[in-house]
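Have a look at the structure below before the remarks.
Protein chains in written order, with the numbering used here: chain P, 652 to 1038; chain G, 6 to 308.
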């Protein structure tokens, strides 16, 4: 993947940069429903797409947003929808079935924190499906990964999701939107345009495993089996960044914009002589299990930490990767601003550095002042497990 | 217990070939069906309605720009047998999918095929918003007042007193609420250009419904905005009645509440009362014409 030209950098908010990157990638349809901190992404698509020959619809609900996008995708257009994790919860039925329909959907999650990891990587929908999940650490990387998301979605005829957050949506960075050239992809001969109606060769874009009369139909069971064999093949798209892993005693796994904070803190700790390294999954699915498995085999490695702004979701994958070779400890936590939309107190280099050091020195995690009052207290009737 | 021998049936003379060649069912198949076979129950009205709009697409010479979006119901099995480029939507979601298709392909003739459970229960907001946006698509509703595919359960269009598996003593307004007259509702929306409710319970209604499809598609092709054709269809299985009683049951129950006629033409909304008066008047004219010995002139009348 290579940028084909360079132009002067401009200061641009993340939401606009991601929308522009999508349009550069050929996106010509977007439908969404406003929701903080995703709203500005929708605003920029609404502003930019008409001039690019595209359409942006302010859908009446998230359900309709994903439905409209489904329709646009069925015509072969590059198309996307998005929301926060809350809005994406509403779209989950479509996410499941759109995967069975093999439509190259691109989804933007401008998440409220990192509590949508399960939703993004496991999904809240039914059945066996996976979305390729790309988690940029900043706006500049987001501009690349958005374009990659469209390419991978078409390459595999499988949805891909760009996992952003409040910071990526709202931070301004100096950047230029360069179109990236990817390998050629096959023509979308499966797309409907009406021209084959009445020919006896009309097409059906469907999740149901049915086909037009006379054509081979997989059936529901066959379609599910077909998708099941496709999923492992997509795992070759795994992307990961590592740093200071070779001689590390402590390895921290982090993704998205918090990973950039973690990397900064680790650079400081390295300068102070602490052997700490990091692994940053760029694809959350497929997850870089092998990278973690290999790192856990390192002669000096004693522990792996999972830093994420949730109650601990990615840690499941970190544990699978570590495969019991070294202990895996959770060093993140739920952290947003009071509204639940924005940046919380753990996303602070000083706080993160203290947590990394505590992990590294096998000490208890520092308490975040003010957070302890929100802890759940065990009720007497809950003390014993029911047998 | 004694058994009786059934009376002998008519005896066919098979000693020589018939004087008129047999007509295969295939010969009566609309051009836009890949097979004459279907999986609907005997007495179902859906295949008749589907035939009407498929023939209309052919008559309008709009075949090679036709794209269907199917909902989920009994009629979904036609998504594989209609020779039309097709997108299969989720239950209730066809109008938004059709919106995406149409916005990318403005010259296509885009229609949805939905049932009352799909459109009026699960996806009510979809069709309402699509109509309100004046989305230039045609939504087709096959309304039989029950979830036929699940075996006869109450939908939002089930009329008061109608027995279903979950309104076993008849739909009771106090307990189950009132039916939604979706065509009437949509006609009120500014974005709706053409709204009509037909049926397929007899030959006259079939012909009348086909004209509604024609006007709806013509409206779309002229870019006038949202068009909507609701077709009352028989579901003897889901109504728990003998097959042959379907048409009469339909006119006496659904047909008395979901009044047939053109609910909106050229921006003018016609109320249920107006349509009912029109239908009564038309019925009187037909009876008078019959009394005078013929209906030929009636065939030339617009609907």
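Even glycine gets a Cβ: it sits at the ideal position worked out from N, Cα and C. Values in this document were obtained by computation on a predicted structure and should not be read as measured data.
{"Query": "What three-state label does DSSP hand residue 759/P in the structure shown?", "Result": "strand"}
{"Query": "Apart from the five residues just before and just after residue 981/P, which ones in its own chain have a Cβ nearer than 7 Å to its Cβ?", "Result": "957, 963 and 966"}
{"Query": "Taking residue 664/P as the reference, give the member of 689/P, 817/P and 823/P with the closest Cα.", "Result": "823/P"}
{"Query": "Mind listing the chain G neighbours of residue 728/P? Cutoff is C-beta to C-beta under 8 Å, in chain order.", "Result": "109"}
{"Query": "Does the beta carbon of residue 686/P sit closer than 8 Å to a beta carbon anywhere in chain G?", "Result": "no"}
{"Query": "Does residue 925/P come out as helix, strand or coil in the three-state DSSP assignment?", "Result": "coil"}
{"Query": "What does residue 274/G touch in chain P if you count any residue whose Cβ is under 9 Å from its own?", "Result": "Within 9 Å Cβ-Cβ: nothing; residue 274/G doesn't reach chain P, min ~23 Å."}
{"Query": "Taking Cβ-Cβ distances shorter than 8 Å, what residues in chain G pair up with residue 723/P?", "Result": "105, 106, 108 and 109"}
{"Query": "Hey, how far is the Cα of residue 122/G from the Cα of residue 156/G?", "Result": "12 Å"}
{"Query": "Reducing DSSP to helix, strand and coil, say where residue 721/P ends up.", "Result": "helix"}
{"Query": "With burial defined as no fewer than 16 other Cβ atoms inside 10 Å of the residue's Cβ, what is the status of residue 724/P: buried or exposed?", "Result": "buried"}
{"Query": "Cα-Cα, which of 152/G, 282/G and 134/G is closest to residue 232/G?", "Result": "134/G"}
{"Query": "Over what stretch of residues does the alpha helix (DSSP H) that includes residue 645/P continue unbroken?", "Result": "The structure shown has nothing for residue 645/P, since chain P only spans 652 to 1038."}
{"Query": "Which runs of the alpha helix (DSSP H) at least 4 residues long sit entirely within the stretch 182 to 248 of chain G? Give them in chain order.", "Result": "187 to 192, 208 to 226 and 241 to 244"}
{"Query": "For a test of the three-state rule: what should DSSP assign to residue 5/G, helix, strand or coil?", "Result": "Since the first residue shown for chain G is 6 and the last is 308, residue 5/G is missing from the structure and cannot be characterised."}
{"Query": "Beta-carbon of residue 856/P versus every beta-carbon of chain G: anything under 8 Å?", "Result": "yes"}
{"Query": "For residue 305/G, would you say it is in contact with chain P, using Cβ-to-Cβ distances shorter than 8 Å as the test?", "Result": "Confidence is the limiting factor: at residue 305/G the pLDDT is only 48, short of 50, which leaves the residue's position unreliable, though a coordinate-based value still follows. Output row for residue 305/G: interface = no."}
{"Query": "Since residue 863/P meets chain G, which of its residues come closer than 7 Å, beta carbon to beta carbon?", "Result": "39 and 85"}
{"Query": "What number of angstroms, rounded off, separates the C-alpha of residue 903/P from the C-alpha of residue 973/P?", "Result": "12 Å"}
{"Query": "Which residues in chain G sit within 8 Å of residue 748/P, going by Cβ to Cβ distance?", "Result": "95"}
{"Query": "Would you mind reading off the limits of the alpha helix (DSSP H) that contains residue 1004/P?", "Result": "1000 to 1011"}
{"Query": "Are the C-beta atoms of residue 742/P and some chain G residue less than 8 Å apart?", "Result": "no"}
{"Query": "Is the separation between the beta-carbon of residue 205/G and that of residue 53/G shorter than 8 Å?", "Result": "yes"}
{"Query": "Going by beta carbon distance, what residues of the same chain come within less than 6 Å of residue 662/P, once the five residues before and after it are set aside?", "Result": "823 and 825"}
{"Query": "Is it true that the CB of residue 163/G sits closer than 8 Å to the CB of residue 221/G?", "Result": "no"}
{"Query": "Could you tell me the alpha carbon to alpha carbon distance between residue 308/G and residue 64/G, rounded to whole angstroms?", "Result": "Caution applies to residue 308/G, whose pLDDT of 47 falls short of 50 and renders its modelled position unreliable; the model cannot decide the point."}
{"Query": "DSSP on residue 862/P, reduced to helix/strand/coil?", "Result": "coil"}
{"Query": "Please classify residue 660/P as buried or exposed, where buried requires at least 16 neighbouring CB atoms within 10 angstroms.", "Result": "exposed"}
{"Query": "Could you spell out the range, first to last residue, of the beta strand (DSSP E) harbouring residue 823/P?", "Result": "823 to 826"}
{"Query": "Going by the CB atoms, is the gap between residue 977/P and residue 1014/P shorter than 8 Å?", "Result": "no"}
{"Query": "Taking only three categories from DSSP, how would you classify residue 895/P?", "Result": "coil"}
{"Query": "Is the separation between the beta-carbon of residue 116/G and that of residue 145/G shorter than 8 Å?", "Result": "yes"}
{"Query": "So that I know if they touch, is there some Cβ in chain P lying closer than 8 Å to that of residue 205/G?", "Result": "no"}
{"Query": "Spell out whether any CB of chain G is found under 8 Å from the CB atom of residue 702/P.", "Result": "no"}
{"Query": "Taking DSSP's pairing of strands, which residues face residue 62/G in a bridge?", "Result": "Residue 62/G pairs with nothing; no bridge assigned."}
{"Query": "I think residue 1039/P touches residue 762/P, with their Cβ atoms under 8 Å apart; what is that distance to the nearest whole Å?", "Result": "Any question about residue 1039/P goes unanswered here, given that chain P covers just 652 to 1038."}
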